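Participant:
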Amino acid sequence: MERSRMNLPKGPDTLCFDKDEFMKEDFDVDHFVSDCRKRVQLEELRGDLELYYKLFKIAMVELINKDYADFVNLSTNLVGMDKALNELSVPLGQLREVLSLRSSVSEGIRAVDERMCKQEDIRKKKMCVLRLIQVI
Numbered sequence: 002m003e004r005s006r007m008n009l010p011k012g013p014d015t016l017c018f019d020k021d022e023f024m025k026e027d028f029d030v031d032h033f034v035s036d037c038r039k040r041v042q043l044e045e046l047r048g049d050l051e052l053y054y055k056l057f058k059i060a061m062v063e064l065i066n067k068d069y070a071d072f073v074n075l076s077t078n079l080v081g082m083d084k085a086l087n088e089l090s091v092p093l094g095q096l097r098e099v100l101s102l103r104s105s106v107s108e109g110i111r112a113v114d115e116r117m118c119k120q121e122d123i124r125k126k127k128m129c130v131l132r133l134i135q136v137i
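The numbering used here numbers the first residue of the sequence shown as 2 and each following residue consecutively.
(1) Where does M2 fall in DSSP's three states?
(2) E121 by DSSP, collapsed to three states: which one?
(3) Return the CA-CA distance between D36 and Y69, expressed in angstroms with no decimal places.
(4) Check this for me: beta carbons of C17 and E45, under 8 Å apart or not?
(5) Can you have a look at D27 and say buried or exposed, based on whether 16 or more other CB atoms are within 10 angstroms of its CB?
(6) Along the alpha helix (DSSP H) that carries D31, what are the first and last residues, could you check?
(7) Since G12 and L43 should fall inside the 8 Å C-beta cutoff, what is the C-beta to C-beta distance between them, to a whole number of angstroms?
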């Protein structure tokens with residue numbers, strides 16, 4: 002999931018850090034700890050991080066459960082789909098045959114048209130030859 006699209010759980014206002022720091026592209030643990038250490042003792046930072054970790058863990062479980070329910074719902078909607086798809090396979094196979102036959106017939110018609118054009122050309126040339134013979 003993209004970092005910019007993630008929503009972190011809201012923590013208490015008393016946290017000694019800004020939770021949005023974790024989402025920055027250039028987040029650096031060492032810099033984060035050193036910056037927090039300027040304002041509070043390490044024990045307080047550890048306590049706030051543990052508290053936020055618990056909140057984050059709860060939010061993750063809720064998110065997974067929510068998505069799991071969507072997944073289960075999706076899978077139950079797909080239960081009858083295999084039968085419907087199998088029912089469609091026969092008409093689709095017939096359609097494939099019809100399209101193949103149509104293509105073959107079109108090729109045959111094109112070949113007949115070409116032969117008819119050649120015969121017409123030959124007929125015209127034959128008429129010209131007959132006229133020339135009559136003139137001579």
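Idealized CB from N, CA, C, for every residue including glycine.
Bear in mind that the values here come from a model prediction, so they are computed numbers and not experimental data.
Facilitator: For this structure:
(1) Numbered from 1 along the sequence shown, position 1 holds the residue referred to as residue 2. Here the model assigns M2 a pLDDT of 43, short of 50, so the residue's position is not dependable, and the following value carries that caveat. M2: coil per DSSP, three-state reduction.
(2) Here the question's residue 121 lines up with position 120 in the sequence shown. It is helical.
(3) Within the sequence shown, residue 36 is the residue found at index 35, counting from 1. Within the sequence shown, residue 69 is the residue found at index 68, counting from 1. Roughly 38 Å between the two C-alpha positions.
(4) The residue you call residue 17 lines up with position 16 of the sequence shown. The residue you call residue 45 lines up with position 44 of the sequence shown. The answer is yes: Cβ separation under 8 Å.
(5) Position 26 of the sequence shown, counted from the first residue, corresponds to residue 27. Classified as exposed, D27 has fewer than 16 neighbouring CB atoms from the shown chains inside 10 Å of its CB.
(6) Here residue 31 refers to the residue found at position 30 when the sequence shown is read from its first residue. Per DSSP, D31 belongs to the alpha helix (DSSP H) from 30-38.
(7) Counting from one through the sequence shown, the residue named residue 12 turns up at place 11. Counting from one through the sequence shown, the residue named residue 43 turns up at place 42. In fact, because the Cβ distance is near 19 Å, the residues do not count as touching under 8 Å.
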